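Worksheet: one structure, shown below.
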Amino acid sequence: MNLNEKELPFFPELKFDGIRHIYTLNGQILPSVTTVMKPLDHELYSGIDESIMQMAASRGTAVHNAAENYVLYGIEDIEPKYAGYFEGFLKFWEEQKPVPLATESRVYHKILRYAGTADLPCVIDGKKVLIDYKTSAAVNKMLTGVQLEAYERAFSSHGFNFDEKAIVHLKNDGSYQMVRYKANDMESWQVFSSLMVVWNHIQKYK
Numbered sequence: 058m059n060l061n062e063k064e065l066p067f068f069p070e071l072k073f074d075g076i077r078h079i080y081t082l083n084g085q086i087l088p089s090v091t092t093v094m095k096p097l098d099h100e101l102y103s104g105i106d107e108s109i110m111q112m113a114a115s116r117g118t119a120v121h122n123a124a125e126n127y128v129l130y131g132i133e134d135i136e137p138k139y140a141g142y143f144e145g146f147l148k149f150w151e152e153q154k155p156v157p158l159a160t161e162s163r164v165y166h167k168i169l170r171y172a173g174t175a176d177l178p179c180v181i182d183g184k185k186v187l188i189d190y191k192t193s194a195a196v197n198k199m200l201t202g203v204q205l206e207a208y209e210r211a212f213s214s215h216g217f218n219f220d221e222k223a224i225v226h227l228k229n230d231g232s233y234q235m236v237r238y239k240a241n242d243m244e245s246w247q248v249f250s251s252l253m254v255v256w257n258h259i260q261k262y263k
């Protein structure tokens, strides 16, 4: 949902089916950033039991939803088993004082035609910062740098630029870590662009 449409572009033409996790642009299916990045995910998570992955996904969804409800409505509501992660979010909110431009902001790349959802485009200390929340045990920079760069470039393709990006790593003990990334990370963009080439090549022969 957009909170400040004058500052951040809003794309009503981009639809998202949450059940099937599919983005469509004027009826055309677009790959998500996470779909394009599956080769990197496989490299990192291929040996982990599926039940553990499902638990991690459920936790992430619950904490993301609680964070969005807080930003939009000031509601503090979270399942007790995830309370520590939400406490970490509240601590981040109090200490960093972000001014939200949107929350769960859907975006697509104008040329490359992929889509994704940015957790919290905001302003911190006068800088436009693109934030993504993580509730994983650790922040894996091989993945996060590429993911954030893909989101940043999608916004940039519509003329909106960020000053920096950050992962807000929420922890079960009620703490958080803010891992900052520079804007226009060429290495991460080269990686994602290459993954797009691979994805398009696979689709060609399906």
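Its first residue numbered 58, the sequence shown is counted upward by one per residue in the numbering used here.
A virtual CB, placed ideally from N, CA and C, is assigned to each residue, including glycine.
All of these numbers come straight from a predicted model, not from anything done at the bench.
Residue environment, residue i, which counts as buried when at least 16 other CB atoms sit within 10 Å
{"i": "His99", "result": "exposed"}
{"i": "Met253", "result": "buried"}
{"i": "Ala159", "result": "buried"}
{"i": "Glu152", "result": "exposed"}
Cα-Cα separation between residue i and residue j, rounded to whole angstroms
{"i": "Leu187", "j": "Tyr80", "result": "20 Å"}
{"i": "Val236", "j": "Asn126", "result": "23 Å"}
{"i": "Phe149", "j": "Val128", "result": "12 Å"}
{"i": "Arg116", "j": "Ile135", "result": "10 Å"}
{"i": "Glu209", "j": "Asn229", "result": "28 Å"}
{"i": "Phe67", "j": "Gly183", "result": "21 Å"}
{"i": "Ser251", "j": "Lys138", "result": "39 Å"}
{"i": "Tyr171", "j": "Gly84", "result": "14 Å"}
Cβ neighbours of residue i in the same chain (closer than 7 Å, five flanking residues each side left out)
{"i": "Gly202", "result": "Tyr238, Asp242 and Ser245"}
{"i": "Asn257", "result": "none"}
{"i": "His226", "result": "Lys191, Val196, Tyr233, Gln234 and Val236"}
{"i": "Glu161", "result": "Met58, Glu125, Thr174 and Asp176"}
Nonlocal neighbours in the same chain, by C-beta distance under 6 Å from residue i, ignoring five residues either side
{"i": "Ser232", "result": "Gly145"}
{"i": "Val180", "result": "Val156"}
{"i": "Ile132", "result": "Asn126"}
At 3 residues or longer, and completely inside the stretch 190 to 245: list those beta strand (DSSP E) runs for me, N to C.
221 to 227 and 233 to 239
Segments assigned alpha helix (DSSP H), at least 4 residues, entirely inside the stretch 126 to 200:
140 to 153
Those runs of the alpha helix (DSSP H) which lie wholly inside the stretch 63 to 94 and span at least 4 residues
Runs of the alpha helix (DSSP H) lying entirely within the stretch 63 to 94, each at least 4 residues long, are 90 to 93 in chain order.
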